[in-house]
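In case it helps, mature numbering (1 follows the signal peptide of the UniProt record, and there is no 0) puts the sequence shown at residues -28 to -1, 1 to 654. Everything on this sheet refers to the single structure shown next.
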Amino acid sequence: MSKFRTLAAVAAASSVGAAAGSAGSASASDADRILATRPPVQLHPLATATRSVLADNVIKLLAPQSRPTTGGPSTNGEFGLPFAEPTVNGQTTAAKCVKAATPNGGAKGPVAQVCKPAAGTLVNLPNGKVLFWDALEGTENNTFSIVAEGGATFTNDSARLLSGAESGKPVWTEPKPFDGGANPDGNPGRPLIPGLQTTEKYNDGALFGSHQAFLPDGRLLVQGGTDYSLDPGIDGIPFGAVELTGLKATRIYDPKTNAFTQTGDSAYRRWYPTLVETGDGKYINFSGVGKLLKPVYLDEPQDSLTNVKQVEQFDPATEKWKTFPKTADFDLPLYPRMHLLPNGRMFYNAAGQAFNPFGQSVGETNWNEVATFDPKTATWKKLALANTKTLAPGFRGSTSSTLLPLKPDADGSYTKASFLTAGGVLLPSPGSYFATDQSSITTVDTAGGGERVTQQKTGSLNQVRWFGQNIVLPTGEVVVFSGGDKDEVVGPGTEFPVQQAELFDPVRKTWKPIATAHNPRTYHNSAVLLPSGEVLVGGHATISTAYLNNTTLPGGFAPHDGRDPSFEVFKPPYLFRGARPVISKAPAKVGYGKSMVVTMKTAKQAATVDTVSLVRNSAITHIVDADQRSVQLRVISHKGRRVKLAGVPSGNVAPPGPYMLFVNRTSSQGPVPSVAKQVMVG
């Protein structure tokens, strides 16, 4: 009998004993004696196989089914075959994991296996390459329970640089340091019981749980992350109570050198924060938690049992953080869905990650209303109860919050910002467990200096979807990828994957089912829009089943046998609609308030230009990219091959940093975008 099955038998016997004892009719020893003396049930092998097949088929009936589609790729798009890094730990293999090269796993600590990283975080760099890093690295090394062992077996997450994804000739290289290099000496934690917290150094600076945003020069700012430990726990003993402590560490990744460097620490430890760029190129950090499972701080009791309320700002010029006055303190969910409005204020869309399994924030009721934060006055303003047009008003967990394309008014100004929310789970933690198909749009009108909120129900998703990844296409449409039918964090391993993508029509306000992905991707999935107009889809790093170990339940449930390091390239429908317009020349850098000229390959192409958009390079983790935006530019004139465009009026509309410039032509089947030109704005 395997170790897992032996442990399962022990757990089952313990459960029977506990149940009998609670009923008052038998003790734990009585239950043990009954189990020991009961003759085993003997089944014919055919009966056993039949029972297994029947059970699997019954379970599969509960799984979400792909909806029928009409038409071909020009209607539904198409997924390419999955591809993955060919080597791991120096070995060429199709397997996800190999045995550690040394007994202690080298820099990875005491691990038995080393695995290929999955794209829990995915970043489309301005040099055409893609940076990604792992999530929950080390689950494969737990034998019984990540709750009891995780503090010693989780390791720092590995990062990779991927090039050639669009060409079909992918190449992976390792950044330096491979794990981002944060907290190398293991900054002191915040033990629940002084003296009883383990001090492993190989997992004190994990990238998992950090957030990232592009700096104005195209480098990547990364703040926060995870310091794993057993708390309580004792060094040298591999069992205790796992803890995930947030980091103060701040890293900067430079695409030119493929390297991370450390910069100024934040004042507060943060795990699952949200970074948002301001219009003048600074960065505001919201929420996160100091300790996930046991947020009790003996040194600062006033901060116990809450997420981080304090708001901080990073200045790239000094590489230092400053904390806003206490008037800025505000209780928010983890990875709060925050966005920059055209008036320079920050919008909270009443959504985020809600489940801190053993320590919810006492301020959860604060999460149900949309609100704005004014960096100039360091104050908040609550605007309205969220999602009033849907089944359950208020907070939405693990849902998308997607800024739809910003469009100029008649006078060329940008005053309205609309946010699409679809799927997720209802209500604050612990939420509803079951995913929803509800979808709505919240619009904030900033004309006149204020914020007026209107809400509109849209057509529902065709399938319920938790943790769906939204991508805004150059055409203004939105595609949602991946996810599951239930909240995996509540019941890991009991969710079914949702593999069929859906396309949102911003004019009709409806969703339609389109192509189905090859691989299931539930928790920690990711996707980014590429300059080619294709979408790179990856990720899938699950919590171990039932918080025990990596085991996939039979019957079609989502795979929980380890992380998926593969990617798929999705070709949207517009790539099957004939010839694409070609940009011959575009400015490499554009300032604010200045017009620009784009030169097309032919005068005929220039004459058919319909819309032109600047799409921010994506930096996604946990279905969150706070700086995600698409800005439609006003076409001033066509002359020969040249198209003159009105520029972006200010950084509040398009914060400084890297963008992809797409030109769309009209066709009988819908718009067709060009391959993008990379543009630095600001």
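Backbone N, C-alpha and C define an ideal beta-carbon position, used for all residues, glycine too.
CB of residue i within 7 Å of CB of residue j, strictly
i, j, result
"P545", "S238", "no"
"Q471", "A489", "yes"
"G465", "H512", "no"
"residue 673", "K573", "The question about residue 673 has no answer, for the chain in this structure spans -28 to 654."
"T374", "L392", "yes"
"T371", "Q427", "no"
"M652", "K561", "yes"
"D536", "N491", "yes"
"P314", "T233", "no"
"A231", "G510", "no"
"G123", "V214", "yes"
"A326", "S412", "no"
"F367", "N338", "no"
"G440", "V452", "yes"
"D409", "L433", "yes"
"V436", "A407", "yes"
"G335", "D303", "yes"
"A356", "T299", "no"
"L202", "G212", "yes"
"T295", "Q282", "yes"
"L94", "I592", "yes"
Three-state secondary structure (DSSP) of residue i
i, result
"Q435", "coil"
"N497", "strand"
"L547", "helix"
"S100", "In the sequence on display, residue 100 carries Gly and not Ser. Three-state DSSP puts G100 in coil, outside helix and strand."
"G177", "coil"
"A120", "helix"
"Q274", "helix"
"Q641", "coil"
"Q428", "strand"
"N589", "coil"
"Y320", "strand"
"A394", "strand"
"residue 655", "Residue 655 cannot be examined here, being either before or after the span of the chain that is shown, -28 to 654."
"K148", "strand"
"D579", "Reading off the sequence shown, one finds Ala at residue 579, where the question assumed Asp. Here A579 sits in helix by DSSP."
"A185", "strand"
"A356", "strand"
"A300", "helix"
"G421", "helix"
"E172", "coil"
"E449", "coil"
"T414", "strand"
"N636", "strand"
Cβ separation of residue i and residue j, assumed to be a contact under 8 Å, to the nearest whole Å
i, j, result
"P630", "N589", "4 Å"
"Y200", "L216", "6 Å"
"Y405", "H594", "Not a contact, Cβ separation roughly 19 Å."
"R493", "P553", "R493 to P553, Cβ: 32 Å. No contact."
"P204", "I165", "5 Å"
"Y564", "V620", "6 Å"
"G550", "A578", "That pair is no contact at about 17 Å."
"G455", "W438", "5 Å"
"P365", "A358", "7 Å"
"G44", "E540", "The Cβ separation is near 18 Å, so there is no contact."
"N522", "G534", "5 Å"
"V587", "L502", "That belief does not hold up - the Cβ atoms of V587 and L502 are roughly 11 Å apart, past 8 Å."
Min CB distance residue i to chain C below 7 Å
i, result
"F104", "Absent from the structure: chain C. Only one protein chain is present."
Near the ligand FAD: residue i beta-carbon under 6 Å from a heavy atom
i, result
"L312", "Among the components modelled here there is no ligand, and therefore nothing to report on the ligand FAD."
Would you list, in sequence order, the uninterrupted alpha helix (DSSP H) runs of no fewer than 4 residues that lie entirely inside the region 454 to 503?
none
Counting Cβ pairs closer than 8 Å, one from the region 184 to 191 and one from the region 165 to 174, do we hit at least three?
no
Would you check if there are 3 or more beta carbon pairs closer than 8 Å linking the region 602 to 615 to the region 108 to 121?
no
Pairing CB atoms from the region 241 to 248 with CB atoms from the region 258 to 266, are three or more of them under 8 Å?
yes
Could you pull out every unbroken beta strand (DSSP E) segment of at least 3 residues lying fully inside the region 210 to 284, listed in chain order?
214 to 218, 222 to 226, 231 to 235, 246 to 249 and 255 to 258
With a cut-off of 8 Å, do at least 3 Cβ pairs link the region 92 to 105 to the region 47 to 65?
no
I'd like the ranges of any alpha helix (DSSP H) spanning at least 4 consecutive residues and lying wholly in the region 33 to 72.
45 to 48
Touching by the beta-carbon criterion (3+ pairs, under 8 Å), the region 145 to 152 and the region 221 to 232:
yes
Do three or more CB pairs link the region 129 to 143 to the region 523 to 532 at distances below 8 Å?
no
Quick test of the definition: if touching needs 3 or more C-beta pairs under 8 Å, does the region 494 to 505 touch the region 473 to 485?
no
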